[in-house]
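J.:
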Amino acid sequence: MNPHRRHPFIFSSAILVYIFLYAPIIVLILFSFNASRANITFEGFIPTFSERTVMEGSVVKASPCGPFHWFCELAKDDDVIEAAGNTLTIAFISTLISTIIGTMAALALQRYEFKLKPFSQLSLYIPIVIPEIVMGIGILTLFSQLFGVINNGLGLSGDSRLSMGISTVIVSHIAFSVPFVTLVVQARLQGFDKSYEEAAMDLGANEWTTFRRVTFPMILPGVLSGGLLAFTLSLDDFVITFFTNGPGSTTLPIYVYGLLRRIITPQVNALSTVWILTIFSAVLLLQWVQSREAKH
Amino acid sequence: MLKRLRENKSAQGTLLASPTLLWMIGLLIIPLILTLIVSFGKRSPDGDVIYSFSLDNYIRLFGYSTDCDAGQTSCFDPLYLQILWRSLTLAFNSTVWVILLAYPLAYFIARAHPKRRNTFLFMVLIPLWTNFVIRVYAWMMLLRTQGVINLILGWIAGLFNLPFTPLEMLYTPGAVLVGMVYEFLPFMILPIYTSLEKIDNSLYEAAADLGANGIKTFLRVTLPLSMPGVVAGTILVFIPVMGTFIVSDILGGRQVILVGNLIQRQFLDARDPTFGSAASLILMVMTLIVTYFYTRKFGFGEEIVVA
Numbered sequence: 001m002n003p004h005r006r007h008p009f010i011f012s013s014a015i016l017v018y019i020f021l022y023a024p025i026i027v028l029i030l031f032s033f034n035a036s037r038a039n040i041t042f043e044g045f046i047p048t049f050s051e052r053t054v055m056e057g058s059v060v061k062a063s064p065c066g067p068f069h070w071f072c073e074l075a076k077d078d079d080v081i082e083a084a085g086n087t088l089t090i091a092f093i094s095t096l097i098s099t100i101i102g103t104m105a106a107l108a109l110q111r112y113e114f115k116l117k118p119f120s121q122l123s124l125y126i127p128i129v130i131p132e133i134v135m136g137i138g139i140l141t142l143f144s145q146l147f148g149v150i151n152n153g154l155g156l157s158g159d160s161r162l163s164m165g166i167s168t169v170i171v172s173h174i175a176f177s178v179p180f181v182t183l184v185v186q187a188r189l190q191g192f193d194k195s196y197e198e199a200a201m202d203l204g205a206n207e208w209t210t211f212r213r214v215t216f217p218m219i220l221p222g223v224l225s226g227g228l229l230a231f232t233l234s235l236d237d238f239v240i241t242f243f244t245n246g247p248g249s250t251t252l253p254i255y256v257y258g259l260l261r262r263i264i265t266p267q268v269n270a271l272s273t274v275w276i277l278t279i280f281s282a283v284l285l286l287q288w289v290q291s292r293e294a295k296h
Numbered sequence: 297m298l299k300r301l302r303e304n305k306s307a308q309g310t311l312l313a314s315p316t317l318l319w320m321i322g323l324l325i326i327p328l329i330l331t332l333i334v335s336f337g338k339r340s341p342d343g344d345v346i347y348s349f350s351l352d353n354y355i356r357l358f359g360y361s362t363d364c365d366a367g368q369t370s371c372f373d374p375l376y377l378q379i380l381w382r383s384l385t386l387a388f389n390s391t392v393w394v395i396l397l398a399y400p401l402a403y404f405i406a407r408a409h410p411k412r413r414n415t416f417l418f419m420v421l422i423p424l425w426t427n428f429v430i431r432v433y434a435w436m437m438l439l440r441t442q443g444v445i446n447l448i449l450g451w452i453a454g455l456f457n458l459p460f461t462p463l464e465m466l467y468t469p470g471a472v473l474v475g476m477v478y479e480f481l482p483f484m485i486l487p488i489y490t491s492l493e494k495i496d497n498s499l500y501e502a503a504a505d506l507g508a509n510g511i512k513t514f515l516r517v518t519l520p521l522s523m524p525g526v527v528a529g530t531i532l533v534f535i536p537v538m539g540t541f542i543v544s545d546i547l548g549g550r551q552v553i554l555v556g557n558l559i560q561r562q563f564l565d566a567r568d569p570t571f572g573s574a575a576s577l578i579l580m581v582m583t584l585i586v587t588y589f590y591t592r593k594f595g596f597g598e599e600i601v602v603a
């Protein structure tokens, strides 16, 4: 029996599920080239280039960027640029901090015995078993009550009053990323024998050297995939950001959500296309780097 | 002091874990306790919280009004119970559909040639990397009356000279179900794949040698051994579906109100954080009860971490 033979039922349902997964994305990308501003039906591509944008009703007839009209509009939109900047800043900082402290926690949970260990381990499962909105409103309540007490207690006024912003979003993103980093690094540590570290210690290496020369290289793939997971979780997050952001800390998902409740031009599709292509090329690059490393 | 720390393994462990522990206590446990406290409070006229110990919010959630007129025959209003029930059934239906769609694909990938498995798996992940909100928007474009699906259906009807009236699909419970299934499908495919891939080929050979046909092999070997994946996937799908409010907001219009929408509106539009907190705790208790009984029956798969 050939283990890789294709059962027709399995094969055809797999194809159908792939179509289900990709059809919406293909439509989304196609519509970012839509000539129609109303963006309800596809009115064809924008046919020609011109000095200035030419509209006929709600259909774009010509544009300085030709078919890429909506991408140029996107690049001119200051709100989008700001939101993109916020999204990346939040993702980078929260990934960096959660990867470092998550790795530390994984080491503690896997290599040390301490009183709070069972409690720490259990607390990591909270974000998995509790809906995100519960966490979101909990954190919102915490910050608003805390800031209220501090602002009134210290008599702060005007701009010096504490309020929701980019730092509350970062702190909250770390909260939901850390457990995932810790669990991924822990899974990696589990696969390794403690004897490597013990051998290094027997040969006279101190704890720091052992960590740097033995433990860290071993867990590095786990740390990297934990970090990547934290980064994608942060980029993708809507719910927690929705409840913890403030003026000036709008991220791209929040921005898109705001647009969906108003008029939607193909500019939203252009934004989605740029988003998809960016993430896709970043992942391909990462895979390429990893496969190169594997060869060395 | 440093020397003492160097010798005390327990203190070292605590120190290493302390930043994470700080975050877990400060941003998960304290907020949950705060939510509980607020849920017993009352709303002040300007939307602030008056701390008290009142069960009014919970009584209201379960359908009884506290300021009900003496003349009224019945103060029972099942509005919020209906919302809770709707969320629960939608989460159940979505999970069933997700399993039905994810299983064949996961099986296909696990049985594919090892060289191609990673590519197929990668293809499952790509849609997941597009943003959650963007994916909901994509379905809005597909489902609306002049949208792509109706366009294709109209075209097919035209081929056979059949009359065609565009279907009203957006802003219906069906649209919300499709959106949920689409959003969370990859979270089921990955754990099922992980457990299917672990099954040793020799088990299939043994089943074939013992005379089992394809269906029997599937029911007696494949399905039981892939259950940890299905259990992990169910947890990863059911819980978020219970709490999500964007899908119902965008694809359900104002027609399909779920617990998530109820909570969100209490915090933003209606400005009653005390009632929103009570609803949020009920949501949490509901998911914990379902997860508890479900995992007690089927076990808690380690696949949840792998995914």
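Protein chains in written order, with our numbering: chain A, 1 to 296; chain B, 297 to 603.
For every residue, glycine included, the Cβ atom is placed at its ideal position computed from N, Cα and C.
The structure displayed is predicted, hence computed values, not measured ones.
1) With a cut-off of 8 Å, does the C-beta of Val274 of chain A fall near any C-beta of chain B?
2) Taking its Cβ as the centre, do 16 or more other Cβ atoms sit within 10 Å of Asp352 of chain B, making it buried, or is it exposed?
3) Near Leu547 of chain B, which residues of its chain fall below 8 Å by C-beta distance, leaving aside the five closest residues on each side in sequence?
4) Please report how far the alpha carbon of Leu332 of chain B lies from the alpha carbon of Phe571 of chain B, in whole angstroms.
5) Kindly indicate the opening and closing residues of the beta strand (DSSP E) around Glu56 of chain A.
6) Pull up the CB-CB distance for Ser491 of chain B and Leu515 of chain B, whole angstroms please, since I reckon it's below 8 Å.
7) Quick one, which residues of the region 423-437 of chain B are near chain A if we go by CB-CB under 9 Å, in chain order?
8) Considering only DSSP beta bridges, list what Phe143 of chain A is partnered with.
9) In the DSSP assignment, find the alpha helix (DSSP H) that holds Lys593 of chain B and state where it starts and stops.
10) Does the beta-carbon of Tyr347 of chain B have 16 or more other beta-carbons within 10 angstroms, so that it is buried, or is it exposed?
11) Can you pull the chain A residues whose beta carbon is under 7 Å from the beta carbon of Gly572 of chain B, in chain order?
12) Pick out whichever of B:Ala528, B:Asn497, B:Leu499 and B:Pro469 has its Cα sitting closest to the Cα of Pro487 of chain B.
13) Please check the pair Gly343 of chain B and Arg567 of chain B, which I expect to be a contact at CB under 8 Å, by giving their CB distance rounded to whole angstroms.
14) Taking the DSSP output, what are the residues bridged to Ala35 of chain A?
15) With distances taken Cα to Cα, identify the nearest neighbour of Gln121 of chain A among B:Val345, B:Leu317 and B:Ser383.
16) Below 8 Å between beta carbons: does that hold for Thr244 of chain A and Val178 of chain A?
17) On the three-state DSSP scale, how would you describe Thr250 of chain A?
18) I need the straight-line Cα distance from Ile279 of chain A to Tyr489 of chain B, nearest angstrom please.
19) Can you look up Phe192 of chain A in the DSSP assignment and give me helix, strand or coil?
20) Could you tell me the alpha carbon to alpha carbon distance between Gly102 of chain A and Lys194 of chain A, rounded to whole angstroms?
21) State the Cα-Cα distance for the pair Ile455 of chain B and Phe541 of chain B, rounded to the nearest angstrom.
22) Check each candidate in A:Ser63, A:Val181 and A:Phe20 and name the one with the smallest Cα separation from Trp393 of chain B.
23) Distance check for Leu463 of chain B and Ile452 of chain B, CA to CA, integer angstroms please.
24) In terms of residues, what are the limits of the beta strand (DSSP E) holding Ala62 of chain A?
25) Output, in chain order, the set of chain B residues within a Cβ distance shorter than 8 Å of Lys117 of chain A.
26) According to DSSP, which residues form a beta bridge with Tyr360 of chain B?
27) Taking the beta carbon of Thr461 of chain B as the centre, do at least 16 other beta carbons fall within 10 Å, making it buried, or is it exposed?
28) On the three-state DSSP scale, how would you describe Arg431 of chain B?
29) Distance cutoff 8 Å, beta carbons only. Does Phe211 of chain A sit that close to anything in chain B?
30) At the level of alpha carbons, what is the spacing between Arg188 of chain A and Phe480 of chain B?
31) Quick check: Val184 of chain A and Leu229 of chain A, are their CB atoms within less than 8 Å of each other?
32) Give the interface partners of Ala108 of chain A over in chain B, defined as CB-CB distance under 7 Å, in chain order.
33) Rounded to whole angstroms, how far is the Cβ of Phe42 of chain A from the Cβ of Pro67 of chain A, which I believe are closer than 8 Å?
34) Measuring CB atoms only, is the region 86-96 of chain A touching the region 233-250 of chain A, in the sense that at least three cross pairs come out at less than 8 Å?
35) Please report whether the beta-carbon of Val149 of chain A lies at a distance below 8 Å from any beta-carbon of chain B.
36) Taking contact to mean at least 3 C-beta pairs separated by less than 8 Å, is the region 128-146 of chain A in contact with the region 320-329 of chain B?
T.: Working from what's here:
1) Counting from 1 along the first sequence, the entry for residue 274 of chain A is found at position 274. For Val274 of chain A, the answer is no, since every Cβ of chain B falls outside 8 Å of its Cβ.
2) Against the second sequence, residue 352 of chain B aligns to sequence position 56. Classification of Asp352 of chain B: buried, given that the 10 Å Cβ count is 16 or more.
3) Residue numbering aside, residue 547 of chain B sits at position 251 when the second sequence is read from its first letter. Around Leu547 of chain B: Val432, Trp435, Met436, Leu439, Leu466, Tyr467, Ala471, Val472, Val474 and Gly475.
4) Residue mapping note: residue 332 of chain B aligns to position 36 of the second sequence, counting from 1. Residue mapping note: residue 571 of chain B aligns to position 275 of the second sequence, counting from 1. Near 11 Å, if we compare the C-alpha coordinates of Phe571 of chain B and Leu332 of chain B.
5) Here the question's residue 56 of chain A lines up with position 56 in the first sequence. Unbroken beta strand (DSSP E) run through Glu56 of chain A: Val54 to Glu56.
6) Looking up residue 491 of chain B in the second sequence gives position 195. Looking up residue 515 of chain B in the second sequence gives position 219. Contact flag wrong, Cβ pair sits at about 16 Å.
7) For chain A, the residues of the region 423-437 of chain B that bring a beta carbon within less than 9 Å of one of its beta carbons are Pro423, Leu424, Trp425, Thr426, Asn427, Phe428, Val429, Ile430, Arg431, Val432, Tyr433, Ala434, Trp435, Met436 and Met437, in chain order.
8) Translated into the one-based positions of the first sequence, residue 143 of chain A becomes position 143. Under DSSP, no beta-bridge partner is assigned to Phe143 of chain A.
9) Position 297 of the second sequence, counting from 1, holds the residue named residue 593 of chain B. Unbroken alpha helix (DSSP H) run through Lys593 of chain B: Pro569 to Phe594.
10) Your numbering for residue 347 of chain B matches position 51 in the second sequence. Counting other Cβ atoms within 10 Å of its Cβ, Tyr347 of chain B stays below 16 and is therefore classed as exposed.
11) The sequence position of residue 572 of chain B within the second sequence is 276, counting from 1. Those are Ile137, listed as they occur along chain A.
12) In the second sequence, counting from the first residue as 1, residue 487 of chain B sits at position 191. The alpha carbon of Pro487 of chain B has as its nearest neighbour, out of B:Ala528, B:Asn497, B:Leu499 and B:Pro469, the alpha carbon of B:Ala528.
13) Taking the second sequence and counting its residues from 1, one reaches residue 343 of chain B at position 47. Taking the second sequence and counting its residues from 1, one reaches residue 567 of chain B at position 271. Taking 8 Å as the upper bound for CB-CB distance, Gly343 of chain B and Arg567 of chain B are in contact here, some 4 Å apart.
14) Counting from one through the first sequence, the residue named residue 35 of chain A turns up at place 35. Bridge partners of Ala35 of chain A: none, in fact.
15) The residue you call residue 121 of chain A lines up with position 121 of the first sequence. With distances taken between Cα atoms, Gln121 of chain A lies closest to B:Leu317.
16) Here the question's residue 244 of chain A lines up with position 244 in the first sequence. Here the question's residue 178 of chain A lines up with position 178 in the first sequence. Their beta carbons are not under 8 Å apart, which means Thr244 of chain A does not touch Val178 of chain A by this criterion.
17) Start at 1 with the first residue of the first sequence, and residue 250 of chain A comes out as number 250. Judged by DSSP in its simplified three-state form, Thr250 of chain A adopts coil rather than helix or strand.
18) On the first sequence, residue 279 of chain A is found 279 positions in, with the first residue counted as 1. On the second sequence, residue 489 of chain B is found 193 positions in, with the first residue counted as 1. If you draw a straight line from the Cα of Ile279 of chain A to the Cα of Tyr489 of chain B, it is about 23 Å long.
19) Start at 1 with the first residue of the first sequence, and residue 192 of chain A comes out as number 192. Note: Phe192 of chain A maps to coil in three-state DSSP.
20) Here residue 102 of chain A is taken as the residue at index 102 of the first sequence, counted from 1. Here residue 194 of chain A is taken as the residue at index 194 of the first sequence, counted from 1. In a straight line, the C-alpha of Gly102 of chain A is about 20 Å away from that of Lys194 of chain A.
21) Working through the second sequence from its first residue, we reach residue 455 of chain B at position 159. Working through the second sequence from its first residue, we reach residue 541 of chain B at position 245. Rather than Ile, the amino acid found at residue 455 of chain B in this sequence is Leu. Roughly 39 Å between the two C-alpha positions.
22) Reading the second sequence from its first residue, position 97 is the one you call residue 393 of chain B. Of the listed residues, the one whose Cα sits closest to Trp393 of chain B is A:Phe20.
23) In the second sequence, residue 452 of chain B corresponds to position 156, counting from 1. In the second sequence, residue 463 of chain B corresponds to position 167, counting from 1. About 14 Å.
24) Stepping through the first sequence from its first residue, residue 62 of chain A is reached at position 62. Annotation for Ala62 of chain A: the continuous beta strand (DSSP E) segment containing it runs Val59 to Ser63.
25) Locating residue 117 of chain A in the first sequence gives position 117, where the first residue counts as 1. Residues of chain B passing the Cβ test: Gly309 and Ala313.
26) As a position in the second sequence, residue 360 of chain B is number 64, starting the count at 1. In the DSSP output, where bridge partners are listed per residue, Tyr360 of chain B has B:Phe372.
27) Here residue 461 of chain B corresponds to residue number 165 of the second sequence, with the count starting at 1. Per the 10 Å Cβ criterion, exposed.
28) Along the second sequence, one-based indexing puts residue 431 of chain B at 135. Helix, per DSSP.
29) Taking the first residue of the first sequence as position 1, residue 211 of chain A is located at position 211. With 8 Å as the cut-off, Phe211 of chain A does not count as an interface residue toward chain B.
30) Here residue 188 of chain A refers to the residue found at position 188 when the first sequence is read from its first residue. Here residue 480 of chain B refers to the residue found at position 184 when the second sequence is read from its first residue. In a straight line, the C-alpha of Arg188 of chain A is about 26 Å away from that of Phe480 of chain B.
31) The residue given as residue 184 of chain A occupies position 184 in the first sequence. The residue given as residue 229 of chain A occupies position 229 in the first sequence. Yes.
32) As a first step, residue 108 of chain A is located in the first sequence; it is residue number 108 there, counting from the start. Ala108 of chain A reaches chain B at Gly309, Leu312 and Ala313, counting residues in chain order whose Cβ is nearer than 7 Å.
33) Stepping through the first sequence from its first residue, residue 42 of chain A is reached at position 42. Stepping through the first sequence from its first residue, residue 67 of chain A is reached at position 67. About 13 Å; that fails the 8 Å criterion.
34) The region 86-96 of chain A is in contact with the region 233-250 of chain A.
35) Counting from 1 along the first sequence, the entry for residue 149 of chain A is found at position 149. Judged by the 8 Å Cβ criterion, Val149 of chain A is not in contact with chain B.
36) They touch, by the three-pair rule.
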